[in-house]
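Visitor: Each residue of the sequence shown is one higher than the last, beginning at 99 in this note's numbering. The beta carbon of each residue, even a glycine, is placed where N, CA and C say it ideally should be. Submitted below is the structure of interest, expressed as structure tokens.
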Amino acid sequence: MTTRRRLEPLSPGALGRVRWDAVLVCLLACVLVVGGALRAVPTLASWTDQEWTHGTVGTSQIRCGTDTNFRAQAQAKALGGSFLGTDLEGLAAARGMSLVRTPTTAAVPTPSTATDLAPNDGDPTLDTYGNPLAVTGLTGITGLTVSGLGTGLPMGSAGALNQVAQVTTKGRAAAASGLVDATGAVLVGASTPANQLPQPAVLDLSSVFSGITNVTATRMSVGATGSNASLDFCSSLLDDLWGPGTVTGITRSYGVAGLGLQIDSPTVAALVTDVNATVTSLGTAVTALGGANGQVAVAITNGVQNASNSVVTGLTAARTSSTVTVSTPNFTTALGALRTTPLTDGKVTVDLVNGRVTVNLATLLGSDAAGLNGLAPNSSLQLSSAAVASIGTRVDALVQTWSNQVSAALLTAVRAVTVTSDVTVASRTAGLLDVTSTRSQHVGTIGAYLDRSAVFTPVVTETGLAGVLNPILSALMPGLTVNSYATRMRAALPAALLTAMNSALTAQPVGQVTTLGTTLTTRRGTLVTAVQAVANRMPGALAISVNVQPDVAGAPPGTVPVPGALPYTSPTYSVTALRIGVVSATAPTGFAYLSWARSTVGPVVQVR
Numbered sequence: 099m100t101t102r103r104r105l106e107p108l109s110p111g112a113l114g115r116v117r118w119d120a121v122l123v124c125l126l127a128c129v130l131v132v133g134g135a136l137r138a139v140p141t142l143a144s145w146t147d148q149e150w151t152h153g154t155v156g157t158s159q160i161r162c163g164t165d166t167n168f169r170a171q172a173q174a175k176a177l178g179g180s181f182l183g184t185d186l187e188g189l190a191a192a193r194g195m196s197l198v199r200t201p202t203t204a205a206v207p208t209p210s211t212a213t214d215l216a217p218n219d220g221d222p223t224l225d226t227y228g229n230p231l232a233v234t235g236l237t238g239i240t241g242l243t244v245s246g247l248g249t250g251l252p253m254g255s256a257g258a259l260n261q262v263a264q265v266t267t268k269g270r271a272a273a274a275s276g277l278v279d280a281t282g283a284v285l286v287g288a289s290t291p292a293n294q295l296p297q298p299a300v301l302d303l304s305s306v307f308s309g310i311t312n313v314t315a316t317r318m319s320v321g322a323t324g325s326n327a328s329l330d331f332c333s334s335l336l337d338d339l340w341g342p343g344t345v346t347g348i349t350r351s352y353g354v355a356g357l358g359l360q361i362d363s364p365t366v367a368a369l370v371t372d373v374n375a376t377v378t379s380l381g382t383a384v385t386a387l388g389g390a391n392g393q394v395a396v397a398i399t400n401g402v403q404n405a406s407n408s409v410v411t412g413l414t415a416a417r418t419s420s421t422v423t424v425s426t427p428n429f430t431t432a433l434g435a436l437r438t439t440p441l442t443d444g445k446v447t448v449d450l451v452n453g454r455v456t457v458n459l460a461t462l463l464g465s466d467a468a469g470l471n472g473l474a475p476n477s478s479l480q481l482s483s484a485a486v487a488s489i490g491t492r493v494d495a496l497v498q499t500w501s502n503q504v505s506a507a508l509l510t511a512v513r514a515v516t517v518t519s520d521v522t523v524a525s526r527t528a529g530l531l532d533v534t535s536t537r538s539q540h541v542g543t544i545g546a547y548l549d550r551s552a553v554f555t556p557v558v559t560e561t562g563l564a565g566v567l568n569p570i571l572s573a574l575m576p577g578l579t580v581n582s583y584a585t586r587m588r589a590a591l592p593a594a595l596l597t598a599m600n601s602a603l604t605a606q607p608v609g610q611v612t613t614l615g616t617t618l619t620t621r622r623g624t625l626v627t628a629v630q631a632v633a634n635r636m637p638g639a640l641a642i643s644v645n646v647q648p649d650v651a652g653a654p655p656g657t658v659p660v661p662g663a664l665p666y667t668s669p670t671y672s673v674t675a676l677r678i679g680v681v682s683a684t685a686p687t688g689f690a691y692l693s694w695a696r697s698t699v700g701p702v703v704q705v706r
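So this is what it looks like as structure tokens:
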């Protein structure tokens, strides 16, 4: 037999408990829905006050947006660390700013000279202060030049070294540093146009890369950086007490405009010096082609001599008259901007004017499109062996292409030179009797002579001394007469003259272009060796990290997370846009670090 339990009617007290449980379930669902919506976007502009009221559960009551019993603090530091013996953490000119607010006291900015950015915001619980670093105040720091960060700033920026902090007694804190506006929005990223960015700062790393032949200086260029962090601890606390405990309330973002390595080498300048020297010598060589006794006149005389020797030996070619003119080439026009335009493939640039090779580390370590932006927290950027080797390879390819372009431009200008010649040459016996007179009149370009497309039509005239000369010629070659000699000369001269001109012009001035090519090849090898020596040392000399977050796994050495004391005291969260570690004999550990755009929020504490 089945036993059925009778349903007892609910007492008034039991009914009340059921209704209260239902209310509680509903309340918790509402809390979680609202709490999930509290995630802040990474700008201070997201700090628009919103009211969320939650019913009492047990003895705790948390009303995010209404409760004002929180102590909050935020810090912004545009430039920190230590570099070549200078402690930027303690340097007054590089001083960051912090802001602290308690439920019962006014906000306290440090330094006290920080500017209240929103004195009339109408919210007595909210304070926003800014304290941008002055670029001019950072002069005189050994090895660090930040003057470029003060030029070309975008609209709305208080400088590339801005520092902004915001706190509220409602449990929120935010900070922004670097190239940010007054709301904390980061003004630098993968899509920021170059014309909206300032010039980079420069770090002198010559002491790190010392002792490398043909390298006079090594620097790192650091483009504008920016970061911000925003913490909504009230929503985190609410979720920790009454939800799954997964809401941190922290949002962070960063941006890096660029990062480059600059290598100064006298070999770069020597490339242009070699070209300039060749331009000068080419001008001299072309001029030497003209004139009565110039290179062309000599070549035509040699051509007549060679033609005569092909007929009979024992006669001498003697120039009796000569007029040769040449057009003037403009090698400067031919070269155009080849001596000044930087050579680049997007990752490596050879600056011919400033004698510098620049490596775009942002694209070499990051990506072509985004550079160093959009990377995961604590991304450590180390050059792979392939990337290291590619630097020298890229320089080699760039300079080789340029050398070929220079040689081609100069050769084109040389080939375009027009030679106008009128040369008469006698064929004489040892007794100084003229057998024939050869007159060569020709107009052609050097290119035509080099291509052997020029056609000579010399005129050979016999002398009237056949009766005297025939026995002499017959003695040199049985049966040879003045007439037969002239006939054979007419057949031999066109090729002989062209060959003589081709040979002479190939030697000078074309030979100077050929010599330049050889010289530039040697220079290129020297430059590649120097640049590659720097590249080979980079992995052990530099440690580069972006989006540094100490509380996240993989944070670089020297970054210390501050966990807080949950549930009522938040952790301290920070984000550093860029962190550069360099080998330094002045650092206790042999390594010094520079941090760019560090934004820190917390701890935020609910005062109970």
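Skipping 5 residues on each side, what residues in its chain have a beta carbon closer than 8 Å to that of Leu548?
Guide: Hits under 8 Å: Arg513, Asn600, Leu603, Thr604, Val608.
Visitor: Helix, strand or coil for Ile348 per DSSP?
Guide: Ile348 falls in the strand class under three-state DSSP.
Visitor: Threshold first: 3 residues or longer. Then list the beta strand (DSSP E) segments lying entirely within the segment 630-690, N to C.
Guide: List check, beta strand (DSSP E) in window: 640-646, 671-681.
Visitor: So Met587 is in the alpha helix (DSSP H); what residue range does that whole segment cover?
Guide: Residues 580-605.
Visitor: Pull up the DSSP beta-bridge partners for Met318, would you.
Guide: Its beta-bridge partners are Leu301, Leu359.
Visitor: Within 10 Å of its beta-carbon, does Leu380 have 16 or more other beta-carbons around it, so buried, or fewer, so exposed?
Guide: Its Cβ being crowded by 16 or more others within 10 Å, Leu380 is buried.
Visitor: From Ala395 to Val373, what distance separates their C-alpha atoms?
Guide: Their backbone Cα atoms lie some 29 Å apart in a straight line.
Visitor: Which residues mark the beginning and the end of the beta strand (DSSP E) in which Arg193 is found?
Guide: Note, Arg193: premise wrong, no beta strand (DSSP E); not H, not E.
Visitor: Which same chain residues end up closer than 7 Å to Gln148 when comparing Cβ atoms and leaving out the 5 residues on each side of it in sequence?
Guide: At Gln148, the pLDDT of 37 sits below 50, so the modelled position is not reliable; the number obtained from the coordinates is stated separately. Correct list, in chain order: Gly163.
Visitor: Please list the terminal residues of the continuous alpha helix (DSSP H) segment that includes Ser333.
Guide: Element bounds for Ser333: 331-340.
Visitor: Would you grab the beta carbon distance between Gln261 and Gly194 for me? Rounded to a whole angstrom, and I think it's under 8 Å.
Guide: Yes, Gln261 and Gly194 are in contact; Cβ-Cβ is about 6 Å, under 8 Å.
Visitor: Decide if Gln173 is buried, meaning its Cβ has at least 16 other Cβ atoms within 10 Å, or exposed.
Guide: Buried, since its Cβ has 16 or more Cβ neighbours within 10 Å.
Visitor: Taking one C-beta from the segment 489-496 and one from the segment 440-450 each time, how about it: are there three or more such pairs within less than 8 Å?
Guide: Verdict: yes, contact present.
Visitor: Mind checking Pro342: buried by the 16 CB within 10 Å criterion, or exposed?
Guide: Label assigned to Pro342: exposed.
Visitor: Taking 8 Å as the threshold (C-beta atoms), are Ser672 and Ser697 in contact?
Guide: Result yes, Cβ atoms of Ser697 and Ser672 sit closer than 8 Å.
Visitor: Check for me: the alpha helix (DSSP H) holding Asp549 runs from which residue to which?
Guide: 544-549 is the span of the alpha helix (DSSP H), which, as asked, contains Asp549.
Visitor: Does DSSP put Gly246 in a helix, a strand or coil?
Guide: Of the three classes helix, strand and coil, the one that applies to Gly246 here is helix, per DSSP.
Visitor: What residue range does the alpha helix (DSSP H) around Gln498 cover?
Guide: Here the alpha helix (DSSP H) through Gln498 covers 483-513.
Visitor: In whole angstroms, what separates the C-alpha of Ala590 from that of Ala405?
Guide: Distance between the alpha carbons of Ala590 and Ala405 is about 5 Å.
Visitor: Taking contact to mean 3 or more Cβ pairs, one atom from each stretch, closer than 8 Å, check whether the segment 473-482 and the segment 518-527 are in contact.
Guide: Counting Cβ pairs under 8 Å, fewer than three are found: no touch.
Visitor: Looking at the structure shown, is Asn452 part of a helix, part of a strand, or coil, going by DSSP?
Guide: In this structure, Asn452 counts as coil in the three-state DSSP scheme.
Visitor: For the structure I just gave you, are there three or more beta carbon pairs, one from the segment 209-229 and one from the segment 262-274, closer than 8 Å?
Guide: In short, these stretches touch, since the Cβ pair count reaches three.
Visitor: Given a cut-off of 8 Å, decide if Val284 and Gly324 are closer than it, judged by their beta-carbon atoms.
Guide: The answer is yes: Cβ separation under 8 Å.
Visitor: What are the boundary residues of the alpha helix (DSSP H) that includes Leu479?
Guide: Counting along the chain, Leu479 falls outside any alpha helix (DSSP H), though it belongs to the beta strand (DSSP E) covering 477-479.
Visitor: Give me the DSSP bridge partner(s) of Lys175.
Guide: Per DSSP, Arg696.
Visitor: Inspect the beta-carbon positions of Gly389 and Ala594 and report whether they are closer than 8 Å.
Guide: The answer is no: Cβ separation not under 8 Å.
Visitor: Using a 10 Å radius around the Cβ and a threshold of 16 neighbouring Cβ atoms, would you call Thr344 buried or exposed?
Guide: Under this definition Thr344 is an exposed residue.
Visitor: Classify Ala263 as helix, strand or coil using the three-state DSSP reduction.
Guide: Strand at Ala263.
Visitor: Go to Val422, then tell me how far its beta strand (DSSP E) extends in each direction, as first and last residue.
Guide: 414-424 is the span of the beta strand (DSSP E), which, as asked, contains Val422.
Visitor: How about Leu625: is its Cβ closer than 7 Å to a heavy atom in the ligand HEM?
Guide: In the structure on display, the ligand HEM does not appear, and there are no ligands present to speak of.
Visitor: Kindly give me the distance between the Cβ atoms of Val699 and Leu329, rounded to whole angstroms, as I take these residues to be in contact under 8 Å.
Guide: With a Cβ gap of about 4 Å, Val699 and Leu329 count as contacting.
Visitor: For the putative contact between Phe181 and Ala695, defined by C-beta atoms under 8 Å, what is the C-beta separation to the nearest angstrom?
Guide: With a Cβ gap of about 16 Å, Phe181 and Ala695 do not count as contacting.
Visitor: Could you name the residues of the same chain whose beta carbon sits closer than 7 Å to that of Arg706, not counting the 5 residues immediately before and after it, in chain order?
Guide: Taken in chain order, the residues that qualify are Tyr666.
Visitor: Who does Leu224 pair with in a DSSP beta bridge?
Guide: DSSP, once it has assigned bridges, lists Thr266 as partnering Leu224.
Visitor: In whole angstroms, what separates the C-alpha of Gln647 from that of Pro475?
Guide: Distance between the alpha carbons of Gln647 and Pro475: 6 Å.
Visitor: What's the gap between the Cα of Gly347 and the Cα of Thr240?
Guide: Each residue's alpha carbon lies about 40 Å from the other.
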